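Only one structure is covered here, and it is reproduced in the block below.
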Amino acid sequence: MTPWREAEPGERCTCGRQAREVFVRADGDEIGYCGIPDGGAKSGPCPFCGLRRHSPGPCPRYTLRPPATRDDSRPNGG
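Note that full-length UniProt numbering gives residue 40 to position 40 of the sequence shown, counting from 1, and the numbers run on in steps of one.
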């Protein structure tokens with residue numbers, strides 16, 4: 001049985017949608033699942049690399065959480 005947990009806000013499925021569950025793979029990596037088994041096939045290109053959808057498996061650029069962005073809205077960063 002694969003260990004899993006509920007997804008946190010901002011965690012993404014391999015199709016780019018908000019994940020509902022996060023599974024821990026055998027290699028220890030976490031992978032999100034939105035609950036819709038279409039793989040995002042009707043959602044356009046891959047949201048991680050911009051190319052066609054990947055099958056089988058996720059995009060090599062897939063990340064569970066989007067990269068953190070720095071808030072540069074404040075003068076001198078502070």
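Cβ coordinates follow ideal geometry from the N, Cα and C atoms, glycine included. It should be emphasised that the depicted structure is a prediction, and the values quoted were computed from it without experimental measurement.
Integer Cβ distance of residue i from residue j, believed to fall under 8 Å
i	j	result
HIS40	CYS15	According to the sequence as given, residue 40 is Gly; it is not His. Confirmed, Cβ separation roughly 3 Å.
Selected residue, minimal CA-CA separation from residue i, among the options
i	options	result
ALA26	ILE36, PRO3, GLY10, LEU51	PRO3
residue 80	GLU8, ALA68, ASP38	Since the first residue of the chain shown is 1 and the last is 78, residue 80 is not available in this structure.
PHE48	THR63, ASP38, ILE36	THR63
Separation of residue j from residue i, as counted between CA atoms
i	j	result
SER55	ALA19	19 Å
GLY78	PRO66	Because the pLDDT of GLY78 is 49, which lies under 50, any placement of that residue in the model is unreliable, and the number read from its coordinates should be weighed accordingly. Using only the alpha carbons, I get a separation of about 23 Å.
LEU51	ARG17	17 Å
ARG61	ARG5	22 Å
CYS13	ASP38	11 Å
SER43	GLY57	17 Å
Exposed unless 16 or more other CB atoms sit within 10 angstroms - verdict on residue i
i	result
GLU11	buried
VAL22	buried
Assigned secondary structure, residue i (DSSP; H/G/I helix, E/B strand, else coil)
i	result
GLY78	Any reading at GLY78 must be qualified, since the residue scores a pLDDT of 49, below 50, and its modelled position is unreliable; no value is offered.
GLU11	coil
ARG5	strand
TYR62	coil
heavy atom of the ligand ATP below 7 Å from residue i C-beta
i	result
PRO66	Summarising the ligand content, the structure contains no ligands, and the ligand ATP is consequently not present.
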